[in-house]
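Numbering (the UniProt record's numbering), first residue to last: 1 to 123. Where a beta carbon is used, it is the ideal one built from N, C-alpha and C, also for glycine. In this text, all values refer to a predicted model and were calculated from it rather than measured experimentally. Here is the structure we will look at, set down as structure tokens.
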């Protein structure tokens with residue numbers, strides 16, 4: 001059995017980076033990664049064929065564009081994008097989010113391209 005660790009303070013973790021559209025891994029949960037990101041502007045349309053993707057807005061406002069309509073998230077709200085659903089996150093203002101998805105999932109899903117980045121550990 002492993003020793004319990006200290007709680008993760010989201011505000012402190014968010015203060016440790018400024019990069020936009022870069023996921024920072026803050027915890028592991030079984031085969032999943034808990035990640036933070038700061039967003040502003042429009043990402044790319046993409047799909048995750050094998051997994052759902054959970055978005056939780058911490059601050060700011062996030063619009064998740066879907067082919068059949070947009071979902072707008074305010075602080076404290078979450079939305080799960082179902083596997084296989086093409087989506088494009090958009091943040092008109094800087095927005096901080098928490099993501100939960102299986103380890104190794106690429107941020108751009110099937111789209112690839114210059115914005116593709118693996119999650120970076122944040123100590």
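If you count every other CB in all the chains shown that lies within 10 Å of the CB of residue i, and 16 or more means buried, which is it?
i: residue 46; result: buried
i: residue 109; result: buried
i: residue 29; result: exposed
i: residue 112; result: exposed
i: residue 82; result: exposed
i: residue 12; result: exposed
i: residue 117; result: exposed
i: residue 23; result: buried
i: residue 53; result: buried
i: residue 1; result: Because the pLDDT at residue 1 is just 46, under 50, the model does not fix this residue reliably, and the value given afterwards should be weighed accordingly. Exposed: under 16 other Cβ atoms inside 10 Å.
i: residue 89; result: buried
i: residue 107; result: buried
i: residue 177; result: What the structure shows of the chain is the stretch from 1 to 123, and residue 177 is not part of that stretch, so it cannot be assessed.
Between the beta-carbon of residue i and the beta-carbon of residue j, is there less than 7 Å?
i: residue 34; j: residue 100; result: yes
i: residue 50; j: residue 103; result: no
i: residue 97; j: residue 37; result: yes
i: residue 14; j: residue 91; result: no
i: residue 93; j: residue 60; result: yes
i: residue 63; j: residue 57; result: no
i: residue 115; j: residue 87; result: no
Confirm the yes/no value for this check: CB of residue i, any heavy atom of the ligand GTP, distance under 6 Å.
i: residue 80; result: Ligands are entirely absent from the displayed structure, and the ligand GTP is therefore not among its contents.
Curious, which full-length beta strand (DSSP E) runs of at least 3 residues does the segment 4-78 contain?
24-29, 32-42, 53-59, 62-66 and 69-73
Ignoring anything shorter than 4 residues or poking outside the segment 93-117, list the alpha helix (DSSP H) runs there in chain order.
none
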